[in-house]
Amino acid sequence: MNNSVGNTARLLGAALRALLVLTVITGVLYPLAVTGVAQGLFNNKANGSEIKDSSGKVVGSSLIGQTYNLPLKKGEETPAPDLKFFQPRPSNGLGTNSVNTQYALILSGATNRSGEDGAQHDKKTGKAYCPAEPEEGTLCAQVKDAKAAVIKDNSVPGHTVKDSDIPADAVTSSGSGLDPDISPAYAELQVHRVAEKNGLDVAQVDKLVKDHTDGRILGFMGEPRVNVLELNIALKELLQSK
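In structure tokens form, the structure reads like this:
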């Protein structure tokens, strides 16, 4: 009996010591080591790839997009875009940011609509195409409305945007709905409008786009891209220096 109690006590003691040692190693030492390595070698990435403005204030992340809208007016369901700034890809999941100093994440997700949603097929070739009057609520209808808005918003005196000028990312959202980047083509499409709305030379704004265009990763992966938040911070700094 005494031996049995003694053995049980020894086993419990060993188990408690193992629990204590493993708790210290896996719950304290390992997290501290990983955090130390991350902060020492990958500080920016470990902290969320933060983007700061000229004053040093964190205004967002280089990994998550933001919208640039005017304050919501009475009777409006969705705010109008602030056309003084470069606009991101369409999405209902982006945070609201009208002055480039705040960031709020709402949701993330895609439309889950197929590329042929609302499309018709050519009888001869079998290829899908969007009809002139697509069914309301379909992807074709959304793209049509988005194209019309892009042409209207970006056509300024002396410069008219054509349907053929519009890249795909100007009228479709990304899979996450939170893409922080746009194509150089979409950024260039917005140059004349941004210049006109802010009283800047087109050449000045065009240079901003070129200066903030990143090439393919390692020279061959992905596509050239422009981070909208970083570009708008540079635009704001240019306006402040006038």
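Here the sequence shown is numbered in the numbering used here, starting from 606 and rising by one per residue. Ideal Cβ placement from N, Cα and C applies to all residues, glycine included.
By the Cβ neighbour-count rule, residue 825 is exposed, with fewer than 16 other Cβ atoms within 10 Å of its own. Bridge pairing for residue 725: 734 [DSSP]. The shortest CA-to-CA distance from residue 827 to any of 787, 804, 800 and 847 is the one to 787.
Here residue 678 carries a coil assignment [DSSP, helix/strand/coil]. Here the C-alpha atom of residue 670 lies approximately 13 Å from the C-alpha atom of residue 653.
Burial check for residue 644: the Cβ neighbour count within 10 Å stays below 16, so the residue is exposed. For residue 766, the secondary structure class from DSSP, reduced to helix, strand or coil, is coil. When the beta-carbon positions are compared, residue 791 and residue 762 stay at least 8 Å from each other.
The C-alpha of residue 811 is placed about 21 Å away from the C-alpha of residue 686.
In this structure, residue 805 lies away from residue 836, with their beta-carbon atoms at least 8 Å apart. Under the DSSP assignment, residue 832 falls outside any alpha helix (DSSP H), being part of the beta strand (DSSP E) whose first and last residues are 830-832. Taken atom to atom, the span from the alpha-carbon of residue 612 to that of residue 656 is near 60 Å.
In the structure shown, residue 666 adopts extended strand secondary structure according to DSSP, grouped into three states. According to the DSSP assignment, residue 657 belongs to the beta strand (DSSP E) that extends over 655-657. Inter-segment contact for the region 743-758 and the region 631-650 is absent: fewer than three beta-carbon pairs are separated by less than 8 Å. Restricting attention to 737, 632, 817 and 777, the CA atom closest to the CA of residue 720 is found in 777.
In the structure shown, residue 761 falls within a strand segment according to DSSP collapsed to helix, strand and coil.
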